[in-house]
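This report concerns only the one structure given below.
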Amino acid sequence: MISVRKVNNKPLNLLEKIYLWEIARGLLVTMRHFFKNLFNPRGLLTVRFPEETRPLPGNAKFRTRHRLKVRADGSPKCVACFLCQTACPAYCIHIEAAEYPDNSVEKYPAVFDIDLSRCVVCGMCVEACPEDAIAMDTGEIPGGALARRDMLLTKEALLRNLAGEPSLLGASNRLANEYLKARGEEL
Amino acid sequence: MTGFLAANRDLVIFTGAAAVKIVFFLTAVMGFTALMTLAERKVSALMQDRIGPNRASIFGFAFNGLFHPAADGLKMLFKEDFVPGRAEKFLFTLAPFFALVPVVALFAVIPFGDYVTILGYRAELQIADLPLGLFFVLAFSGLAIYGVFLGGWASKNNFALLGAMRGAAQMVSYEVVLGLTLVGLLMVYGTAGLQDMVRAQGNLIHGFIPAWGIVYQPFGFILFLTAAIAENKRTPFDLVEGESEIIGYFMEYSSMRFAAFMFAEFIEIILIAMLAATLFFGGWQVPYLYEAGFALPGGFQLPLNHYLVAALQVCSFSVKTVFFCWFLLVVRWTLPRFRFDQLMGLCWKLLLPLALLNIFITGAVLLKLGKL
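Protein chains in written order, with numbering that gives the first Met the number 0: chain A, 0 to 186; chain B, 0 to 371.
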């Protein structure tokens, strides 16, 4: 069934039919914006990203730049199981595993690179991680760069803790906290 | 050789002066065109509360986007120069030249100043003082249609051809109006030489109103501006390109060939601005400034150096040109596009009768004043 909606546009009056007056009014609007912004550029809406950023609104759970969480002793929680690398649809994670000399149970990542120029910020790596070692909660939105190598996040950059928020205190580190509490150590 | 030079001294000086004027004026125009490509983006950005391009930098200095024209040019140069397999190669190559040459040639008749006397030689500040300058302008702006149509036809692309068809219809139609709006000026000034027209605009009406064309032909000015924007194929008359629907006659062009079309359009903005200033706003005239200096209606006199007067006049012409360029940019970024039937209706049903009426009224008034 085709429904027809008839739009009753107001017929133009004589002044509008001549165009000129309406054109002049339109030009006044745009010229006002032009001169206002020319002499007072602070009113411009543009954010000069990436040099300049705006805080993300509210408590919104945005997926932002990755980070690797650390344990209380400062070692990465990551056990180099390659699940995130396998899950990544953009193939942007590169891991090289190594073994602790004194711990034959688990491995650690000797190299953990995320190529931000390929990352599609889907969060699959976070979902896949069995150790809850990778998170995308830094609140930083990765900006552009002039060279590809500047878009590479290395292990050191990923292990950088958030300012003012030691990673051990995060809710995601509940297990670590419980473990430490059981051992009677205060954080 | 020296014998030849001595025998044809006037000819040699004339040639040399003309060459200097061409180099000086065209360099200024081309430089300004490059800046216009930036101005277009900056002006539109400011009108829309944005910043506009500001990233291209040399050694970290961006100067708020001043290097963008150079960056654009370099990018165009390094693009692949692609010719479609089925295109008419010869005409496809020829079309950008047809677009560019008539527009550039028109600067020959634009007077950018009165005259300067250097070492006893009186150099007119106009490349070629044609007695029929106005008709030269109309004739050459009529040639610009070849670039559009050849480009669209030679590409063998349906959308390009559609754009070219629209362009041909639009330019032929508005050509008529453009010519008729200027007839009023011909009647008022009684000359078709642009330099003579500008000199005539140095007079005063009733001793204090500058006798600019806008005073005699305010109505003609509006018609001229409308028709000129339509000739320029820019919004609100940009159906030829119609960026959002058909790409237009230069759809298959890439690299510097495309840049030639783009450049021609921007040069045409400057040309229209210069023509508007020359014909209707006194060209290089500064109100109350004469060869000897300022002479205000109250009897106040301020004698000025000859070179200072010439510089002031060139400055005046530049300021008027820049103002009209800016105005054309603002118009382009304010108005929405016409529909094609509206475009043709506006031309044939509104502008053409009004232009004829303008001629009639001008003639009647001149007859009444006994000046015809």
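Quick reminder that beta carbons are idealized off the backbone N, C-alpha and C, glycines included.
Small disclaimer: the values here were computed from a predicted structure and weren't measured.
So the beta strand (DSSP E) residue i belongs to, where does it begin and stop?
{"i": "residue 103 (chain A)", "result": "102-114"}
{"i": "residue 137 (chain A)", "result": "Counting along the chain, residue 137 (chain A) falls outside any beta strand (DSSP E), and DSSP gives it neither H nor E."}
{"i": "residue 116 (chain B)", "result": "114-117"}
{"i": "residue 300 (chain B)", "result": "300-302"}
{"i": "residue 21 (chain A)", "result": "Looking at the DSSP string, residue 21 (chain A) is not in any beta strand (DSSP E); the run it does join, the alpha helix (DSSP H), is 19-38."}
Please list, in chain order, the chain A residues whose beta carbon lies closer than 7 Å to that of residue i.
{"i": "residue 333 (chain B)", "result": "25, 26 and 29"}
State the DSSP-derived secondary structure class of residue i, mapped to helix, strand or coil.
{"i": "residue 60 (chain B)", "result": "strand"}
{"i": "residue 159 (chain A)", "result": "coil"}
{"i": "residue 25 (chain B)", "result": "helix"}
{"i": "residue 121 (chain B)", "result": "strand"}
{"i": "residue 240 (chain B)", "result": "coil"}
{"i": "residue 54 (chain A)", "result": "coil"}
{"i": "residue 209 (chain B)", "result": "strand"}
{"i": "residue 125 (chain A)", "result": "helix"}
{"i": "residue 318 (chain B)", "result": "helix"}
{"i": "residue 66 (chain A)", "result": "strand"}
{"i": "residue 68 (chain B)", "result": "helix"}
{"i": "residue 10 (chain A)", "result": "coil"}
{"i": "residue 287 (chain B)", "result": "coil"}
{"i": "residue 75 (chain A)", "result": "strand"}
{"i": "residue 221 (chain B)", "result": "helix"}
{"i": "residue 50 (chain B)", "result": "coil"}
{"i": "residue 126 (chain B)", "result": "coil"}
{"i": "residue 152 (chain A)", "result": "strand"}
{"i": "residue 204 (chain B)", "result": "strand"}
{"i": "residue 15 (chain B)", "result": "helix"}
{"i": "residue 5 (chain A)", "result": "coil"}
{"i": "residue 32 (chain B)", "result": "helix"}
{"i": "residue 40 (chain B)", "result": "helix"}
{"i": "residue 0 (chain A)", "result": "coil"}
{"i": "residue 228 (chain B)", "result": "helix"}
Residue i touches chain A at which residues, Cβ-Cβ below 9 Å?
{"i": "residue 45 (chain B)", "result": "32, 33, 34, 35, 36, 37, 40 and 43"}
I need the boundaries of the alpha helix (DSSP H) containing residue i, first residue and last residue.
{"i": "residue 341 (chain B)", "result": "339-344"}
{"i": "residue 265 (chain B)", "result": "254-279"}
{"i": "residue 150 (chain B)", "result": "132-153"}
{"i": "residue 2 (chain B)", "result": "1-6"}
{"i": "residue 93 (chain A)", "result": "Per DSSP, residue 93 (chain A) belongs to no alpha helix (DSSP H); it is in the beta strand (DSSP E), 92-99."}
{"i": "residue 362 (chain B)", "result": "351-367"}
{"i": "residue 294 (chain B)", "result": "Run containing residue 294 (chain B): none in the alpha helix (DSSP H); it sits in the beta strand (DSSP E), 292-294."}
{"i": "residue 88 (chain B)", "result": "88-104"}
{"i": "residue 251 (chain B)", "result": "Premise fails: residue 251 (chain B) is in no alpha helix (DSSP H) and is neither H nor E."}
{"i": "residue 157 (chain B)", "result": "157-188"}
{"i": "residue 198 (chain B)", "result": "193-199"}
{"i": "residue 82 (chain A)", "result": "82-86"}
Just checking: is the beta-carbon of residue i within a distance shorter than 8 Å of some beta-carbon in chain B?
{"i": "residue 105 (chain A)", "result": "no"}
{"i": "residue 11 (chain A)", "result": "no"}
{"i": "residue 163 (chain A)", "result": "A caution first: residue 163 (chain A) carries a pLDDT of 41, below 50, which makes its placement in the model too unreliable to give a value."}
{"i": "residue 22 (chain A)", "result": "yes"}
{"i": "residue 186 (chain A)", "result": "Note that residue 186 (chain A) scores 46 on pLDDT, short of 50, meaning its location in the model is unreliable and no value can be drawn from it."}
Between residue i and chain A, is there a C-beta pair that is closer than 8 Å?
{"i": "residue 329 (chain B)", "result": "yes"}
List the residues of chain B that residue i touches, going by C-beta distances under 9 Å, in chain order.
{"i": "residue 19 (chain A)", "result": "221"}
Counting only Cβ pairs nearer than 8 Å, list the residues of chain A close to residue i.
{"i": "residue 11 (chain B)", "result": "Within chain A, no residue comes near residue 11 (chain B); the closest Cβ sits about 49 Å away, beyond 8 Å."}
{"i": "residue 42 (chain B)", "result": "33"}
Could you tell me whether any non-hydrogen atom of the ligand COA is closer than 7 Å to the CB of residue i?
{"i": "residue 307 (chain B)", "result": "This structure lacks the ligand COA, and indeed carries no ligand of any kind."}
Quick one: is residue i near chain C, going by C-beta distance under 8 Å?
{"i": "residue 123 (chain A)", "result": "The structure shown contains no chain C; its protein chains are A and B."}
Taking beta-carbon pairs under 9 Å, can you tell me which members of the region 46-63 of chain B lie near chain A? Here the close residues are 46, 47, 48, 49, 50, 51 and 53.
According to a CB-to-CB cut-off of less than 8 Å, which residues of the region 211-233 of chain B neighbour chain A? Taking a C-beta cut-off of 8 Å against chain A, the contacting residues of the region 211-233 of chain B are 221, listed in chain order.
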